[in-house]
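S.K.: My structure is below; once you've seen it, I'll send some questions.
There are 2 protein chains.
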Amino acid sequence: MRTKNSIFIATSLDGFIADQNGNIDWLHQIPNPDGDDMGYRAFMGEIDALLMGRNTYETVLSFDMDWPYDQPVFVLSTTLNSVPKELEGKVFLKKGDLSVILSEIKEAGYHHLYIDGGKTIQRFLEQDLIDEMIITSIPILLGGGTPLFGSNDKRLAFTCTNTKRFVNAVAQNHYTRNRD
Amino acid sequence: MRTKNSIFIATSLDGFIADQNGNIDWLHQIPNPDGDDMGYRAFMGEIDALLMGRNTYETVLSFDMDWPYDQPVFVLSTTLNSVPKELEGKVFLKKGDLSVILSEIKEAGYHHLYIDGGKTIQRFLEQDLIDEMIITSIPILLGGGTPLFGSNDKRLAFTCTNTKRFVNAVAQNHYTRNRD
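Sequence lines, in order, name chains X and E. For what it's worth, our numbering labels the leading residue of the first sequence as 13, then goes sequentially. For what it's worth, our numbering labels the leading residue of the second sequence as 13, then goes sequentially.
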């Protein structure tokens, strides 16, 4: 069974995941009175594990809430040596070559991974390791910020397999990597 | 009657309108056996006139084909002084302040304008003069090129009013500027 690596992320209409000051307040600027999760829970129900960068991990840790993930979370870090006691058995630190890390995760029985974090996604795309992208496009032009996509030497062709619209305002496009 | 300024443009999945070498071959990389125009003719049927930058105008002129537009075309240029004889009465050169130009075009009876050309679109967006955007997202990550959207000091909020999918591969999102 092949590992499937997915991203599920929101960007601004001009492709940023955070504004010039690193803020994401604009994500919540669209009226959403019924708290539509825009497919998040359904997506989370499909994945076996998460793999994220250290920045994203530390951002999640900084939120004043319980640890939000049921699945194992693999965190890419060259600097962290341990996780908080309460996250032992839930968070696993990884470093080194991505393909080796992915083999280990697959060996452990996790086949469908949620890849999260701006730098981590870019690193995966540089190595053509993303199979599926679910991109929620918040209809705001920020005018600048941290782009989801980085520069890349090779072109990567996808197919848009689905488009949805949420809260009468937000487009979500579902892409699958074309593989022969 | 208010002037409505629309854009109808294709970008790569990472938001570029041309690749690093200025090429747009990738626009035609998606199989389209029946020549689906992805809404182009319907859109052209709605507009009263076009307004484009000099680059776009000269690119259209360079194509080995008849002049493709039925409606008047206003070309923004500070350097051109005349148009070829066969385009007299079809192409009109404009320079100066955008709001003055738009008033003149509106005075002449043209209310729904198709704004085209990368720099021209960015100039319009900087002045918050775009009311509608129909963006066809070709599902290829180019990894670099000429971005559709430039940097901007203010945020501009839109609403995604429609999403469509063409040739089973391409998403087209329709945005309307939120105006109070």
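The beta carbon of each residue, even a glycine, is placed where N, CA and C say it ideally should be. Small disclaimer: the values here were computed from a predicted structure and weren't measured.
Could you run through the stretch 157–169 of chain X and flag, in chain order, every residue whose CB is less than 9 Å away from some CB of chain E?
M.R.: P159, L160, F161, G162, S163, N164, D165, K166, R167, L168, A169
S.K.: Would you verify that the beta carbon of K176 (chain E) is, or is not, closer than 8 Å to some beta carbon of chain X?
M.R.: Translated into the one-based positions of the second sequence, residue 176 (chain E) becomes position 164. Yes, its Cβ sits closer than 8 Å to a Cβ of chain X.
S.K.: Around the C-beta of L73 (chain X), are 16 or more other C-beta atoms found within 10 angstroms, so that it is buried, or is it exposed?
M.R.: The residue you call residue 73 (chain X) lines up with position 61 of the first sequence. L73 (chain X) should be labelled exposed.
S.K.: Could you list which residues in chain E have their beta carbon closer than 9 Å to that of S18 (chain X), in chain order?
M.R.: Mapped onto the first sequence, residue 18 (chain X) falls at position 6. By Cβ distance, chain E contributes nothing, its closest Cβ being about 15 Å from S18 (chain X), past 9 Å.
S.K.: Can you grab the Cα-Cα spacing for the pair Y122 (chain X) / D46 (chain E), in whole Å?
M.R.: Position 110 of the first sequence, counting from 1, holds the residue named residue 122 (chain X). Position 34 of the second sequence, counting from 1, holds the residue named residue 46 (chain E). Computed Cα separation, rounded: 41 Å.
S.K.: From the beta carbon of D143 (chain X), is the nearest beta carbon of chain E less than 8 Å away?
M.R.: In the first sequence, residue 143 (chain X) corresponds to position 131, counting from 1. Not an interface residue.
S.K.: Which chain E residues sit within Cβ distance under 7 Å of A183 (chain X)?
M.R.: In the first sequence, the residue the question calls residue 183 (chain X) occupies position 171. Those within 7 Å of A183 (chain X) in chain E are C172, T175, N185.
S.K.: DSSP on S24 (chain X), reduced to helix/strand/coil?
M.R.: In the first sequence, residue 24 (chain X) corresponds to position 12, counting from 1. Correct three-state label for S24 (chain X): strand.
S.K.: Excluding the 5 residues flanking S94 (chain E) on each side, which residues of the same chain have their C-beta closer than 8 Å to its C-beta?
M.R.: Position 82 of the second sequence holds residue 94 (chain E). Result list for S94 (chain E): L105, in chain order.
S.K.: Going along chain E in order, which residues have a C-beta closer than 8 Å to the C-beta of P151 (chain X)?
M.R.: Position 139 of the first sequence, counted from the first residue, corresponds to residue 151 (chain X). Chain E residues near P151 (chain X): A169, F170, T171, C172, Y187.
S.K.: What is the residue span of the beta strand (DSSP E) that Y187 (chain E) lies within?
M.R.: Residue mapping note: residue 187 (chain E) aligns to position 175 of the second sequence, counting from 1. Here the beta strand (DSSP E) through Y187 (chain E) covers 182–189.
S.K.: Whole alpha helix (DSSP H) runs in the stretch 69–113 of chain X with 4 or more residues, listed along the chain?
M.R.: With a minimum length of 4 residues, no continuous alpha helix (DSSP H) run stays inside the stretch 69–113 of chain X.
S.K.: Compare the beta carbon distance of I152 (chain X) and A183 (chain E) with 8 Å and say whether it is the shorter of the two.
M.R.: By 1-based counting over the first sequence, the position of residue 152 (chain X) is 140. By 1-based counting over the second sequence, the position of residue 183 (chain E) is 171. No, the pair does not count as a contact, with Cβ atoms beyond the cut-off.
S.K.: Distance check for P159 (chain E) and D165 (chain X), CA to CA, integer angstroms please.
M.R.: Within the first sequence, residue 165 (chain X) is the residue found at index 153, counting from 1. Within the second sequence, residue 159 (chain E) is the residue found at index 147, counting from 1. Our two residues, D165 (chain X) and P159 (chain E), have alpha carbons roughly 16 Å apart in a direct line.
S.K.: Measure the alpha-carbon distance for E144 (chain E) versus S18 (chain E) and round it to whole angstroms.
M.R.: Here residue 144 (chain E) refers to the residue found at position 132 of the second sequence. Here residue 18 (chain E) refers to the residue found at position 6 of the second sequence. Near 5 Å, if we compare the C-alpha coordinates of S18 (chain E) and E144 (chain E).
S.K.: Can you name the start and end residues of the alpha helix (DSSP H) that T132 (chain E) belongs to?
M.R.: Here residue 132 (chain E) corresponds to residue number 120 of the second sequence, with the count starting at 1. Start and end: 130–138.
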